[in-house]
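So the protein sequences, as listed, match chains A and B.
Quick note: the first sequence uses numbering that gives the first Met the number 0, first residue 0, plus one each step.
Quick note: the second sequence uses numbering that gives the first Met the number 0, first residue 0, plus one each step.
Beta carbons: idealized from backbone N, C-alpha and C, even for Gly.
Here the structure is a predicted model, which means the values were calculated and not measured.
2 protein chains.
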Amino acid sequence: MSSAAVRDRMLAAGQRITRQRDVVAGVLERARRPLGAGEICDAVTTSDPDVGRATVFRTLHSLVAAEIVQRVTLAGGQSGYLLCAADGHHHHLVCTSCGRTTDLPEAVVAPFLSRVEETHGFTVDHSSFDVHGRCADCR
Amino acid sequence: MSSAAVRDRMLAAGQRITRQRDVVAGVLERARRPLGAGEICDAVTTSDPDVGRATVFRTLHSLVAAEIVQRVTLAGGQSGYLLCAADGHHHHLVCTSCGRTTDLPEAVVAPFLSRVEETHGFTVDHSSFDVHGRCADCR
DNA sequence: ACCTATACTGATACTGCATCTCAATACGGA
DNA sequence: TCCGTATTGAGATGCAGTATCAGTATAGGT
Numbered sequence: 000m001s002s003a004a005v006r007d008r009m010l011a012a013g014q015r016i017t018r019q020r021d022v023v024a025g026v027l028e029r030a031r032r033p034l035g036a037g038e039i040c041d042a043v044t045t046s047d048p049d050v051g052r053a054t055v056f057r058t059l060h061s062l063v064a065a066e067i068v069q070r071v072t073l074a075g076g077q078s079g080y081l082l083c084a085a086d087g088h089h090h091h092l093v094c095t096s097c098g099r100t101t102d103l104p105e106a107v108v109a110p111f112l113s114r115v116e117e118t119h120g121f122t123v124d125h126s127s128f129d130v131h132g133r134c135a136d137c138r
Numbered sequence: 000m001s002s003a004a005v006r007d008r009m010l011a012a013g014q015r016i017t018r019q020r021d022v023v024a025g026v027l028e029r030a031r032r033p034l035g036a037g038e039i040c041d042a043v044t045t046s047d048p049d050v051g052r053a054t055v056f057r058t059l060h061s062l063v064a065a066e067i068v069q070r071v072t073l074a075g076g077q078s079g080y081l082l083c084a085a086d087g088h089h090h091h092l093v094c095t096s097c098g099r100t101t102d103l104p105e106a107v108v109a110p111f112l113s114r115v116e117e118t119h120g121f122t123v124d125h126s127s128f129d130v131h132g133r134c135a136d137c138r
């Protein structure tokens, strides 16, 4: 995903484009894997020391709200932030070895959730799966 | 689950039974829903003001390690601690209305994980699902 | 019932993530 | 260019969780 694409998606979500948001989005783009809050703050400060911590978190929050970034749970239990190529809410496989993530196709997830709803009379509002393991490359 | 059952499970996990651990386990037993760290600390202090913070967290850690308690993600994204009736690792449905949880049978989860492994050549080490919605009673 | 090794505990300081406040600033539409 | 308003930075603050370490209580053997 290019910076331009991220900007378009932020504009589409009614958000202004600022230098600070570009920096945060750029850090996540270059990582191509989920980053912890500390890593993001460090990388942002390296890129541009004049971006405040509060702004980093506000930006992450905005990006999560716009579904451009997802908050995922890393192996240790800490949360990480991941820039998603795909639009909308979806799920990921996280490789415990290389740290990279793979999108889980809706075709695999939807039948599972339907089954859950049927079996338990439960209406699913929101779901997030943390599936950790070793990807095909790392095995 | 009775207090005695929890004590047995702690002993089975090679842990000593102490007054402090009884207090923490008792708080989780009475709740019958996931509690946040703050709620637990408050309830423990109410029950017995002489139990230290560090001990509460150490106890939670031990209970999680023994798979007596699971750490789940609540609606807001904060994590909560839940005393599980079932042994071993399993998954939950969390009702956003009443806060109560339902165990997800392995029979529903296993085929889904198998499908994921087959489709992606991914070896699943650990998975945790956060499924939020409204339970049958609350609809 | 007693003894002993050692697992456990409490107070406190500390780390890290995240949010709040508020005056100052910059974006972007007209 | 001008203006309304979303956004920003600094620093204080809150909350979750961990580290330290001397002192205590538990389980299990005798």
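Asked, Found
"Between the CA atoms of B/CYS134 and A/HIS119 - distance to the nearest angstrom", "8 Å"
"Contact residues within the region 73-84 of chain A, judged by C-beta distance below 9 Å to chain B", "ALA74, GLY76, SER78"
"Selected residue, minimal CA-CA separation from A/GLY79, among A/ARG31, A/VAL50, A/THR54", "A/ARG31"
"Proximity test, Cβ basis, 8 Å: A/ARG138 and chain B", "yes"
"Minimum Cβ-Cβ distance from A/VAL107 to chain B less than 8 Å", "yes"
"The region 109-122 of chain A: positions lying closer than 9 Å to chain B by Cβ", "PRO110, PHE111, LEU112, ARG114, VAL115, GLU116, THR118, HIS119, GLY120, PHE121, THR122"
"Assumed close pair B/LEU82, B/VAL93 - CB separation to whole angstroms, cut-off 8 Å", "At roughly 14 Å, the Cβ-Cβ gap does not stay under 8 Å, so B/LEU82 and B/VAL93 are not in contact."
"Minimum Cβ-Cβ distance from B/THR95 to chain A less than 8 Å", "yes"
"Residues that B/GLY37 bridges to, as DSSP identifies them", "Paired residue(s): none; B/GLY37 is not in a bridge."
"Cβ distance (whole Å) where A/ASP86 is taken to contact A/GLU66 below 8 Å", "7 Å"
"Residue nearest to B/ARG70 in terms of C-alpha spacing, selected from A/ALA64, A/GLN77, A/HIS89", "A/GLN77"
"Ordered list of beta strand (DSSP E) runs contained in the region 54-107 of chain A, each at least 3 residues", "68-72, 78-82, 90-94, 100-103"
"B/HIS125 beta carbon less than 8 Å from that of A/HIS131", "yes"
"Contact list for A/HIS125 against chain B, beta-carbon separation under 7 Å", "HIS131"
"Nearest residue (CA-CA) to A/THR58, options A/PRO33, A/ARG15, A/ASP102, A/ALA3", "A/ARG15"
"Exposed unless 16 or more other CB atoms sit within 10 angstroms - verdict on B/THR45", "exposed"
"Chain B contact residues for A/CYS92, given Cβ-Cβ distances below 9 Å", "Here the sequence assigns Leu to residue 92 of chain A, which means Cys is not the residue at that position. Here the neighbours are VAL115, HIS119, PHE121, VAL123."
"Heavy atom of the ligand PLP within 7 Å of A/ALA106 beta-carbon", "As for the ligand PLP, it is missing from this structure, which has no ligand bound."
"Classification of A/ASP21 by the beta-carbon crowding that lies within 10 angstroms, buried from 16 upward", "buried"
"DSSP three-state assignment for B/PHE128, whether helix, strand or coil", "strand"
"Proximal residues to A/ALA12 (C-beta, below 6 Å), its chain only, five neighbours per side dropped", "ALA65"
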